Each structure stands twice: as structure tokens, then as C-alpha cells.
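Novice: Following this message is one structure expressed as C-alpha cells.
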Amino acid sequence: MKISVIGTGYVGTVSAACFAELGHEVVCVDIDSSKIEKINAGIPPIYEEGLSDLLKKHAGKKLSGTSDYRFAVMNSDVSFICVGTPSDADGNIDLGIVKAASSSLGEALKDKKDYHVIVVKSTVVPETTEKVVLPIIEKHSKKRSGDFGIAMNPEFLREGKAIYDFMHPDKIVVGSMDKRSGDLVASLYNGLNCEVTRTNPRTAEMIKYVNNSFLATKISFSNEIGNICKLLDINTYEVMKAVGKDFRIGPYFLNSGAGFGGSCFPKDVKALIGKAKNAGYEPLILESVVKVNEKQPGRMILLLKKELGDLKGKKIAVLGLAFKNDTDDIRESRSIPVIKELLDNGAQVSAYDPMANEFMSRLFGNIKYNSNAADALKDSDGCLIMTEWDEFKSLDKEFDLMRNKLIIDGRHMLAGRKGIKYVGLCW
Ligand code: NAD
Numbered sequence: 518m519k520i521s522v523i524g525t526g527y528v529g530t531v532s533a534a535c536f537a538e539l540g541h542e543v544v545c546v547d548i549d550s551s552k553i554e555k556i557n558a559g560i561p562p563i564y565e566e567g568l569s570d571l572l573k574k575h576a577g578k579k580l581s582g583t584s585d586y587r588f589a590v591m592n593s594d595v596s597f598i599c600v601g602t603p604s605d606a607d608g609n610i611d612l613g614i615v616k617a618a619s620s621s622l623g624e625a626l627k628d629k630k631d632y633h634v635i636v637v638k639s640t641v642v643p644e645t646t647e648k649v650v651l652p653i654i655e656k657h658s659k660k661r662s663g664d665f666g667i668a669m670n671p672e673f674l675r676e677g678k679a680i681y682d683f684m685h686p687d688k689i690v691v692g693s694m695d696k697r698s699g700d701l702v703a704s705l706y707n708g709l710n711c712e713v714t715r716t717n718p719r720t721a722e723m724i725k726y727v728n729n730s731f732l733a734t735k736i737s738f739s740n741e742i743g744n745i746c747k748l749l750d751i752n753t754y755e756v757m758k759a760v761g762k763d764f765r766i767g768p769y770f771l772n773s774g775a776g777f778g779g780s781c782f783p784k785d786v787k788a789l790i791g792k793a794k795n796a797g798y799e800p801l802i803l804e805s806v807v808k809v810n811e812k813q814p815g816r817m818i819l820l821l822k823k824e825l826g827d828l829k830g831k832k833i834a835v836l837g838l839a840f841k842n843d844t845d846d847i848r849e850s851r852s853i854p855v856i857k858e859l860l861d862n863g864a865q866v867s868a869y870d871p872m873a874n875e876f877m878s879r880l881f882g883n884i885k886y887n888s889n890a891a892d893a894l895k896d897s898d899g900c901l902i903m904t905e906w907d908e909f910k911s912l913d914k915e916f917d918l919m920r921n922k923l924i925i926d927g928r929h930m931l932a933g934r935k936g937i938k939y940v941g942l943c944w
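The numbering used here numbers the first residue of the sequence shown as 518 and each following residue consecutively.
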């Protein structure tokens, strides 16, 4: 099948490369020409494990890039909208980019004679595909639904493991308004060992939000329990290990720490809150999930102040800037509020991340970035662990370089270092 992918960020590039690997012919579209140049040169525009190999293998053969929507639509049977869906100032979903991409797709579809299916892969609140995307496509293409197909196919990949997740999904959801477009979208995944859940677009949209909101709820719940355990001198990890043995609960996402970040959980929970309120419901649990998450990073600073007193002039090493390990993505990273609060308290921040120094330097130009953990730790008065990078687990002698050997661990990674005052966030 011939596929066009609109938006070459994390989801678009990974989907494009994996569809090419599944044997499809893929053309990528982005308004950022530098990303298109990279794709055509076989260079990933974002970091993702295994992506470089797939792009090298398929670029110039099964995979290409263009900024020309018309070319992409004319040369494909199906177009996936993979553009961003950020939050607006009130936390509601901002559909501006989805609307822009839909208009361009509609225009491009105008002169096309063959059947074409538009698929929304971006995470959008229920009703968006039917009530926002479809009317825009109809208006700009001057066609009616049925002349072209429309479907919703949410993406569940995890950054850092995105290629693996795409190729080994635990669910594929296809929501369509008619059987023909649903069949076509489902067939694109032939070859993957996974049942396809077929439904309507608004249910597909809701499945994605419930998935992310449930995981975010598990994290905030675990963090709240961790905060209580800390006050009662109980190891929350021991508690959750036992609790997770209950098959109705399961062992995953029960680790307490500095909270969730990234481009999905925070904005998706807020978007579902906005949609629920819009529909006339006050979502108390979801609101608490966000509140617990927003307070959690501040607890790192409270613990630091408890140990060091006034932070003014103190040098604090921050290890980990990415929102999680194995990615350079800093969107909503929990290290952002932590660094902000350190600076507000007059501390000097000495940071290190294996991949995300550069992205964070665009946000905070006034802190020191180091090319390794040892340099970040040198002469520091305390160290905050913010991201669960594997390489931090093997740090040892590096801590001898600290002026004051204090670790506040936000990710439950470094307990048991001799000669170091170790403080766990919730344990
Ligand atoms: P991103 O911001 O990394 O990428 C979006 C891309 O779209 C950018 O390259 C941008 O230049 C491009 N773009 C913007 N306007 C455009 C236009 N009019 N036409 C063509 N291209 C345009 O976003 P992402 O992280 O890949 O997320 C995309 C969607 O997928 C979001 O809705 C997100 O919630 C969802 N999602 C993301 C993840 C994830 O882990 N990142 C996982 C599942 C679902």
C-alpha cells in the first residue's frame, strides 16, 4: 500500500519508518523543511532507538519526504495525520495544527479521482475526527464523506521503545465511520502479531485517553502512597512490590518518584478533564492526578532544603534532564520545575543528561551543562537524580568529587552508596 504521513515528529517518523519496514511505500510531509531534508538523507529528525538503522535502510527506496501535500496525496492511498496536539493556555486540547493539516489535506484531495482514506493518528479528544477533521476535509476537497474514507487510529508507542512498540503492539485500534476505510487501515498492519480492535472514531479517541489517564492515575496514586509511606518510615517499594502481586493490580507503574512528564500524559489527562467539563462532568479523580503530579517535584526541593537549609549560592548537581531515560525529549520533564525552583532559591545548577543537554539549554540558558556526570558533581553541595538513565546506576567514585556528599533520589536508583547521605523521595 502507498501511505503518506503528515508530521514527522516522534509518532510520524517512527510510523513512517515502521510502515516502510512492513513493506509499504511511504512519503512523509512536514512544514519543517529541515526535517524533510534529514529524512531524505536517511537521518532521523529525532532520537529513537533503532530509528537510524530503519531510515538508512529505507530512505530513497521505500521512504521519502516532501513538503508538497498534493504530491503526497496523489502518490498515496491513505494519509495519516501525525501532527502535535498541545494544550492551550487553559489546559484544553489545541487543535490548531490538526485543523491546518486537515485543510491542506482537503485541498490536496480536491483533484484526486481515486479513493483515499484520511486517518487521524494524533491524540485527539472524542468527536474530533467526526466533528472537526471530517468537515474541514469536506469543505476543502469539495467531496463528501464516502467519496473518501475517514478513520481514527490512535498510537500507543512509548518514546525510547517506539520502534519495538510499533512492531510488537499489544493493541491496534481502528475507529472508522464505514467498513471500507476501516478494512483498509487495519490491513496496513498485516504481518504484526496483534488483534485489531475495530470500533467507531469517538470510541477509538476515548480508548487512547483512557489508556494514558489510567497509567497517569497509577503513577500519581503510587506517588501519594509513597509520600505517606515516607512520613510513616515505611518503604513504599516494598509495599508496592507486594501489592502488585495481586493479578487485578499488576506490578507495573507502581514505582513512586518525581512524577510523570513527557509530551503525552500531562497534556492528555488535562485534555480529558477539559472535554469532561465541557460535557458537564467534574472529573475529580483526573484533577487529583494532575495536582499530585504538579506537587511532586517540589518535594525534591523540600528534602534538599531540609538537608542544606538556605540554597542561596549552593551548587546543586541535577542528573537527568529528559522526561525519561532513552530519549532526548524534555517536554514536561520533571526536571524543569525542579531547576526553576533551584534558580528561584538562588542555587547554582550544574546539570548533566546523556542526551538532553542541548534541548534543555534552549529553555534554561543560565545553568551549567556538563558532558558527563563527574563534571556535574564536582564541588557540588547536593545531587538530585531526576531521570532513570542506566548509566547513573553505575556511578560510584564520581560522588567523591562532591563537596558535600548528599543524594536526593527522585527515581529510586542509587540507594546503598557508602559514605554518602542518601535521601529517597518517597522511601
Ligand atoms: P511532534 O511535535 O514531535 O511532531 C509533530 C510534527 O508535525 C513536527 O515535525 C511538526 O513540524 C509537524 N507539523 C506541524 N504542523 C504541520 C502541518 N501543518 N503539516 C505537516 N506537518 C506539520 O509530535 P509527536 O510527539 O510526534 O506527537 C504527534 C501526536 O501523536 C500528538 O497528538 C501526540 O499526543 C500523539 N502521540 C505522541 C506520542 C509520543 O510518545 N510522542 C505517543 C502517542 C501519541
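Glycine is no exception: its CB is placed at the ideal position from the N, C-alpha and C atoms. Everything numeric in this text was worked out from a predicted model, so none of it was measured.
With which residues is Met669 paired in a DSSP beta bridge?
Specialist: What you label residue 669 is simply residue 152 of the sequence shown in a count that begins at 1. Partner(s): Val637, Gly692.
Novice: Excluding the 5 residues flanking Asn670 on each side, which residues of the same chain have their C-beta closer than 6 Å to its C-beta?
Specialist: One-based indexing of the sequence shown puts residue 670 at position 153. Excluding sequence neighbours, Asn670 sits near Val636, Lys638, Val691, Val702.
Novice: Would you mind sorting Pro783 into buried or exposed? The rule is 16 or more other CB atoms within 10 Å of its CB.
Specialist: Stepping through the sequence shown from its first residue, residue 783 is reached at position 266. Buried is the call here.
Novice: Of the choices Gly526, Glu804, Arg661, whose alpha-carbon is the least far from that of Ile553?
Specialist: Along the sequence shown, one-based indexing puts residue 553 at 36. Out of Gly526, Glu804, Arg661, Gly526 has the C-alpha closest to the C-alpha of Ile553.
Novice: For Pro561, collect the residues of the same chain with a Cβ closer than 6 Å to its Cβ; drop the 5 residues on either side in sequence, then sort them by chain order.
Specialist: Locating residue 561 in the sequence shown gives position 44, where the first residue counts as 1. For Pro561, where only same-chain residues beyond five positions count, the Cβ hits under 6 Å are Leu568, Ser569, Leu572.
Novice: Using only the heavy atoms of the ligand NAD, determine whether one of them is closer than 7 Å to the beta carbon of Asp682.
Specialist: Within the sequence shown, residue 682 is the residue found at index 165, counting from 1. Flag unset: Cβ of Asp682 not near the ligand NAD.
Novice: In three-state terms, what does DSSP make of Glu542?
Specialist: Looking up residue 542 in the sequence shown gives position 25. Of the three classes helix, strand and coil, the one that applies to Glu542 here is strand, per DSSP.
Novice: Determine whether the beta carbon atoms of Val634 and Ala606 lie at a separation below 8 Å.
Specialist: Against the sequence shown, residue 634 aligns to sequence position 117. Against the sequence shown, residue 606 aligns to sequence position 89. No, they are not a contact pair.
Novice: Shorter than 7 Å, the distance from the beta carbon of Ile790 to the closest heavy atom of the ligand NAD, or not?
Specialist: For the purposes of this step, residue 790 is taken as residue 273 along the sequence shown, with counting starting at 1. If you check the C-beta of Ile790 against the ligand NAD, you find no heavy atom less than 7 Å away.
Novice: Would you mind listing the beta strand (DSSP E) stretches within the region 575–613 that are 3+ residues and don't spill past its ends, in chain order?
Specialist: 580–583, 595–598
Novice: With respect to the beta strand (DSSP E) encompassing Ile790, which residues constitute its N-terminal and C-terminal limits?
Specialist: Position 273 of the sequence shown, counting from 1, holds the residue named residue 790. Where Ile790 is concerned, there is no enclosing beta strand (DSSP E), although the alpha helix (DSSP H) it sits in stretches over 782–795.
Novice: Just how far apart, CA to CA, sit Ala590 and Leu860?
Specialist: Here residue 590 is taken as the residue at index 73 of the sequence shown, counted from 1. Here residue 860 is taken as the residue at index 343 of the sequence shown, counted from 1. One point to set straight first is that residue 590 is Val, not Ala, in the sequence displayed. Distance between the alpha carbons of Val590 and Leu860: 49 Å.
Novice: Cα separation between Asn729 and Cys781?
Specialist: Taking the first residue of the sequence shown as 1, we reach residue 729 at position 212. Taking the first residue of the sequence shown as 1, we reach residue 781 at position 264. Using only the alpha carbons, I get a separation of about 8 Å.
Novice: Quick one: is Gly524 buried, meaning 16 or more other Cβ sit within 10 Å of its Cβ, or exposed?
Specialist: As a first step, residue 524 must be located in the sequence shown, where it is residue number 7. Its Cβ being crowded by 16 or more others within 10 Å, Gly524 is buried.
Novice: Quick one, are the C-beta atoms of Phe909 and Ile937 less than 8 Å apart?
Specialist: Numbered from 1 along the sequence shown, position 392 holds the residue referred to as residue 909. Numbered from 1 along the sequence shown, position 420 holds the residue referred to as residue 937. No, these two residues do not count as a Cβ contact at 8 Å.
Novice: On the DSSP bridge list, what partners appear for Ser867?
Specialist: Residue mapping note: residue 867 aligns to position 350 of the sequence shown, counting from 1. According to DSSP, Ser867 bridges with Ala834, Lys885.
Novice: Within the same chain, show all residues whose beta-carbon is closer than 6 Å to that of Ala618, passing over the 5 residues directly before and after it, in chain order.
Specialist: Working through the sequence shown from its first residue, we reach residue 618 at position 101. Within the same chain, Ala618 has close Cβ partners Ile523, Ile598, Val600.
Novice: Report yes if the C-beta of Val600 is less than 7 Å from at least one heavy atom of the ligand NAD; otherwise report no.
Specialist: Here residue 600 refers to the residue found at position 83 of the sequence shown. Yes.
Novice: Hey, would you say the C-beta of Ile614 is under 7 Å away from at least one heavy atom of the ligand NAD?
Specialist: For the purposes of this step, residue 614 is identified with residue 97 of the sequence shown, where counting begins at 1. For the ligand NAD, at least one heavy atom lies less than 7 Å from the Cβ of Ile614.
Novice: Using a threshold of 7 Å, is the CB atom of Leu626 nearer than that to any non-hydrogen atom of the ligand NAD?
Specialist: Position 109 of the sequence shown, counted from the first residue, corresponds to residue 626. Every heavy atom of the ligand NAD is 7 Å or more from the Cβ of Leu626, so no.
Novice: Between Arg945 and the rest of its own chain, which residues show a CB-CB distance below 6 Å, the 5 nearest in sequence each way excluded?
Specialist: Given that the chain is displayed from residue 518 to residue 944, the structure contains no residue 945 and the question cannot be resolved.
Novice: Shorter than 8 Å from the beta carbon of Leu819 to some beta carbon of chain C?
Specialist: This model lacks chain C altogether, as it is built from one protein chain only.
Novice: Could you pull the start and end residues of the alpha helix (DSSP H) that Tyr681 belongs to?
Specialist: Taking the first residue of the sequence shown as position 1, residue 681 is located at position 164. Taken as a continuous stretch (DSSP letters only), the alpha helix (DSSP H) holding Tyr681 covers 679–684.
Novice: Where Asp585 and Gly623 are concerned, what is the direct C-alpha to C-alpha distance, given to the nearest angstrom?
Specialist: Looking up residue 585 in the sequence shown gives position 68. Looking up residue 623 in the sequence shown gives position 106. Computed Cα separation, rounded: 13 Å.
Novice: Do Glu676 and Asp512 have their beta-carbon atoms positioned less than 8 Å apart in this structure?
Specialist: This structure leaves residue 512 out entirely; the chain is present only between 518 and 944.
Novice: Would you call the region 827–844 and the region 862–882 touching, i.e. three or more CB-CB distances under 8 Å?
Specialist: yes
Novice: Below 7 Å, is the gap between the Cβ of Lys822 and the nearest heavy atom of the ligand GTP?
Specialist: Because the ligand GTP does not appear in the structure shown, any question about it cannot be addressed here, the ligands present being the ligand NAD.
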